[in-house]
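Following: one structure in C-alpha cells, then a few remarks.
Numbering (our numbering), first residue to last: 270 to 408.
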C-alpha cells in the first residue's frame, strides 16, 4: 500500500497550467529537509528518493492549489500531524474542493481526483523500478 507523503508544486507550464507531483511512500515514517521549519515558506523538500515508491503528476487546466510547503503560517510537521492538509484547491466556491492529507492512501487520492474526471499520470521510472535510483533527481 502507498501513502501520500508530499505534494510538490512545480510551477506553471507553457499553457499556464500548474503542475503538481503527488509523492507516495510505502510508509508514513518519512522526513524531508526543512520539514520542521516554521513557517514552511517554501523551504521543505520532498523525502529522499529511497523513501519514494511512486510519483503521480497532476497537470490540468483550472486546478490551482495551495501547498503546505509554501505556507506562511504552518510547517510540514503540522501536515504530518493532520493539523492542516498537504494541498487544497484555492477556489472555495466549488462544490467539492480537492483536499489532500498526509497519509491518505493512493487509492483515496485516485478516488478523490476521479470524482473530477482527473487521472494521475505516473513517472515511469518509479512504476517500473520502484524506488531505485534511476531518475534525474538522484544523479
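Idealized CB from N, CA, C, for every residue including glycine.
Exposure label - residue i; buried when at least 16 CB within 10 Å
{"i": "residue 321", "result": "buried"}
{"i": "residue 270", "result": "exposed"}
{"i": "residue 352", "result": "exposed"}
{"i": "residue 342", "result": "exposed"}
Distance, residue j Cα to residue i Cα
{"i": "residue 376", "j": "residue 391", "result": "14 Å"}
{"i": "residue 318", "j": "residue 326", "result": "16 Å"}
{"i": "residue 277", "j": "residue 323", "result": "13 Å"}
{"i": "residue 348", "j": "residue 282", "result": "27 Å"}
{"i": "residue 313", "j": "residue 289", "result": "15 Å"}
{"i": "residue 273", "j": "residue 286", "result": "22 Å"}
{"i": "residue 311", "j": "residue 346", "result": "14 Å"}
Minimum C-alpha distance to residue i - residue among the options
{"i": "residue 332", "options": "393, 387, 394, 274", "result": "387"}
{"i": "residue 294", "options": "328, 348, 316, 381", "result": "316"}
{"i": "residue 279", "options": "300, 301, 335", "result": "335"}
{"i": "residue 284", "options": "329, 313, 270, 291", "result": "329"}
{"i": "residue 299", "options": "275, 311, 378, 290", "result": "275"}
{"i": "residue 378", "options": "292, 301, 287", "result": "292"}
{"i": "residue 309", "options": "297, 344, 301", "result": "344"}
{"i": "residue 340", "options": "380, 382, 303", "result": "303"}
{"i": "residue 338", "options": "301, 385, 360, 381", "result": "301"}
{"i": "residue 297", "options": "307, 350, 305, 306", "result": "350"}
Those residues which DSSP pairs with residue i across a bridge
{"i": "residue 285", "result": "The partner list for residue 285 (beta bridge, DSSP) is empty, contrary to what the question assumes."}
{"i": "residue 392", "result": "DSSP, once it has assigned bridges, lists no residue as partnering residue 392."}
{"i": "residue 356", "result": "336, 369"}
Next item on the list: Give a yes or no on contact between the region 364 to 373 and the region 348 to 356, applying the rule of three or more CB pairs nearer than 8 Å.
Entry: yes
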